[in-house]
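S.K.: Residue numbers (my numbering), protein chains in the order written: chain A, 4 to 186; chain B, 4 to 186.
Cβ coordinates follow ideal geometry from the N, Cα and C atoms, glycine included.
A quick note: this is a predicted structure, and the numbers were derived from the prediction, not measured.
Spelled out as C-alpha cells, the structure:
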C-alpha cells in the first residue's frame, strides 16, 4: 500500500466500496444513533455512547463504550468537571464540519492537509434559569470558522463543509418526541 | 450545613443568589459558549472546550480544559476511537434534558432522586456520503425517553424537561453562519 492508495487518511478502495454498498442498498444508510445519560448530582451527569443500528444490522456495543461527564462551571453552580451540554452541542457541530469536509473532499478526490474549526454560540441563560420566562430559547446564533490547508478553492471547501449533518440538524427544525415516565 | 439546605445536589442559597443576580442584571445571562476542533486523520479529530463568556465577563480558560476524540465506527471507515459527531449531538441532548430537569426541579422546590435519559435519532447517511444527493438531511426524527424517581407528577416533570436549551436548539431552526478560510 502506498500513498496514492490513500486520501485524507482513508483508503480509496474503502471509500469506493462504501459508496457502492450504499448505492446498491440505500436502506444500509439508514442509521439509528443513540446516547444514554445518568444523573449524578446537581448539574453533573454521565453519558454513554455504545450501540447503534446501521448497514442493515445492529451493532450492539462498541468494544470500548465512550463515557463522558457533563457538568456546569462553578458560576452556574456546577463542579466544572465536564463541559456543559450546550458546549457538547458545539463540539458535535465543530467535529461534524471537520469530519464531513475530510470525507467529502476524499470522495471528490481533493486532498486536505489540515482542518481546524472554531465554533461560538450565543445563548441567553436567563431564559433557561429564570422561572418567570415562558420558554427556553436555545441557541440564538452560532458562528463557525474553519481554517483549511488544501489546494482547492475556498468556495469548494465551503460547499463541502455545508454537507455536515449536525449543521443541517441545527439549521432545520428536527421533530423531537419526549416521553417522561416515573419509576 | 444540613440536608434541608440542599436540593437535588444544589445549595438552596446558591440557587437563590444566581436567580437574584440574573434578575438584577439580565445581561449576565447572555453567554457565549465555544468549542474547537482539530482534524487528525480520516474521520478522527480532537475537540477542546475551555473558555466561555458569561455573567458579564470572560472566563478565559477552565483549570482543566475538556478534550474529547470523535471518530467513526469501522463500517464508516473510522478507527472507532470516539463517538461520531452525530452521537455527540445526542449526548448533548440527553445531558441537557437531565441537567435542565435537575435545575428546574430544584428552582421549583421539587426533589428528584434519580434521572436516566435515553435518546435515539434517525439519520440517512446516504444523504451524507452519496455524492449524487443534493443535500444532507441531518436527523429526521429524535426520540427522548426519560425515567425519573420523584414525588412530582409525570406531567410536571415533562414540563420541566421541555425547558432544555439543547432540545429547543434542535426543535427550532438556529441561524448558523459558516466561514471557510484557506491557510
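Start and end of the alpha helix (DSSP H) containing residue 180 (chain B)?
M.R.: Unbroken run through residue 180 (chain B) is the beta strand (DSSP E), 179 to 185; no alpha helix (DSSP H).
S.K.: Apart from the five residues on each side of it in sequence, which residues of its chain come closer than 7 Å, Cβ to Cβ, to residue 167 (chain B)?
M.R.: Result list for residue 167 (chain B): 99, 100, 103, in chain order.
S.K.: Under 8 Å, Cβ to Cβ, is there at least one residue of chain A near residue 95 (chain B)?
M.R.: Yes, contact with chain A.
S.K.: So residue 50 (chain B) packs on residue 75 (chain A), CB below 8 Å; how close in whole Å?
M.R.: No, residue 50 (chain B) and residue 75 (chain A) are not in contact; Cβ-Cβ is about 18 Å, not under 8 Å.
S.K.: If you draw a straight line from the C-alpha of residue 59 (chain A) to the C-alpha of residue 127 (chain B), how long is it?
M.R.: Computed Cα separation, rounded: 12 Å.
S.K.: Start and end of the alpha helix (DSSP H) containing residue 78 (chain A)?
M.R.: Neither: residue 78 (chain A) is in no alpha helix (DSSP H) and is coded neither H nor E.
S.K.: Let me know the secondary structure DSSP gives residue 31 (chain A) once reduced to three states.
M.R.: In this structure, residue 31 (chain A) counts as helix in the three-state DSSP scheme.
S.K.: Does the beta-carbon distance from residue 186 (chain A) to residue 22 (chain B) come in below 8 Å?
M.R.: No, the pair does not count as a contact, with Cβ atoms beyond the cut-off.
S.K.: Output, in sequence order along the chain, the residues in the stretch 112 to 131 of chain A whose CB is closer than 8 Å to any CB in chain B.
M.R.: Cβ contacts with chain B: 115, 117, 118, 119, 120, 121, 122, 123, 124, 125, 126, 127, 128, 129, 130, 131.
S.K.: With a threshold of 8 Å between beta-carbons, can residue 165 (chain B) be considered close to chain A, or not?
M.R.: Closer than 8 Å to some Cβ of chain A, the Cβ of residue 165 (chain B) qualifies, so yes.
S.K.: For chain B, is any of its Cβ atoms less than 8 Å away from the one on residue 1 (chain A)?
M.R.: A question about residue 1 (chain A) goes unanswered here, because the residues of chain A that appear run from 4 up to 186.
S.K.: Of all Cβ atoms in chain A, is any one closer than 8 Å to the Cβ of residue 19 (chain B)?
M.R.: No, residue 19 (chain B) does not count as interfacial toward chain A.
S.K.: Taking 8 Å as the CB-CB cut-off, is residue 174 (chain A) touching chain B?
M.R.: Yes, because at least one Cβ of chain B sits closer than 8 Å to the Cβ of residue 174 (chain A).
S.K.: When DSSP labels each residue in this structure, what does residue 84 (chain B) get in the three-state scheme?
M.R.: Correct three-state label for residue 84 (chain B): coil.
S.K.: Straight-line CA distance for residue 78 (chain B) to residue 64 (chain A)?
M.R.: Rounded to the nearest angstrom, the two C-alpha atoms are 13 Å apart.
S.K.: Enumerate, from N- to C-terminal direction, the unbroken beta strand (DSSP E) stretches of 3 or more residues contained entirely within the stretch 109 to 145 of chain B.
M.R.: The stretch 109 to 145 of chain B contains these whole beta strand (DSSP E) runs: 115 to 127.
S.K.: For residue 185 (chain A), decide whether its Cβ has a neighbour in chain B, counting only Cβ atoms nearer than 8 Å.
M.R.: Yes, its Cβ sits closer than 8 Å to a Cβ of chain B.
S.K.: Should residue 95 (chain A) and residue 176 (chain B) be called a contact, given that it needs their Cβ atoms to be closer than 8 Å?
M.R.: Not closer than 8 Å, so no.
S.K.: Using a Cβ-Cβ cut-off of 8 Å (strictly less than) and excluding sequence neighbours within five positions of residue 62 (chain A), which residues of its own chain qualify?
M.R.: If we look at residue 62 (chain A) and ignore the five residues flanking it on each side, its Cβ neighbours are 54, 55, 56.
S.K.: What does the alpha-carbon distance come out to for the pair residue 66 (chain B) and residue 16 (chain A)?
M.R.: Going by the C-alpha atoms only, they are around 44 Å apart.
S.K.: With residue 54 (chain A) as the anchor, note down where its alpha helix (DSSP H) starts and where it stops.
M.R.: Neither: residue 54 (chain A) is in no alpha helix (DSSP H) and is coded neither H nor E.
S.K.: Would a C-beta distance cut-off of 8 Å place residue 11 (chain A) and residue 147 (chain A) closer than the cut-off?
M.R.: Contact flag unset, no.
S.K.: Mind checking who residue 149 (chain B) pairs with in its DSSP beta bridge?
M.R.: Per DSSP, A:183, B:120.
S.K.: Alpha carbon to alpha carbon, how far is residue 180 (chain A) from residue 164 (chain B)?
M.R.: Rounded to the nearest angstrom, the two C-alpha atoms are 12 Å apart.
S.K.: Does any CB atom of chain A fall closer than 8 Å to the CB of residue 65 (chain B)?
M.R.: Interface residue, yes.
S.K.: Which value, in whole angstroms, describes the spacing of the CA atoms of residue 123 (chain B) and residue 70 (chain B)?
M.R.: Whole-angstrom Cα-Cα distance: 24 Å.
S.K.: Taking the CB atoms as reference points, tell me whether residue 105 (chain B) and residue 46 (chain A) lie closer together than 8 Å.
M.R.: Yes, these two residues count as a Cβ contact at 8 Å.
S.K.: When you compare only the Cα positions, how much space is there between residue 174 (chain A) and residue 129 (chain B)?
M.R.: One C-alpha to the other measures close to 19 Å.
S.K.: Mapping DSSP to helix, strand and coil, what is residue 167 (chain A)?
M.R.: Correct three-state label for residue 167 (chain A): coil.
S.K.: Starting from residue 60 (chain A), trace the beta strand (DSSP E) both ways and give me its first and last residue.
M.R.: From DSSP, the beta strand (DSSP E) with residue 60 (chain A) extends over 60 to 62.
S.K.: List, in chain order, every chain A residue whose beta-carbon is nearer than 9 Å to that of residue 150 (chain B).
M.R.: Neighbours of residue 150 (chain B) on chain A, chain order: 183, 184, 185, 186.
S.K.: So with Cβ pairs under 8 Å, would you call residue 15 (chain B) a contact of chain A?
M.R.: With 8 Å as the cut-off, residue 15 (chain B) does not count as an interface residue toward chain A.
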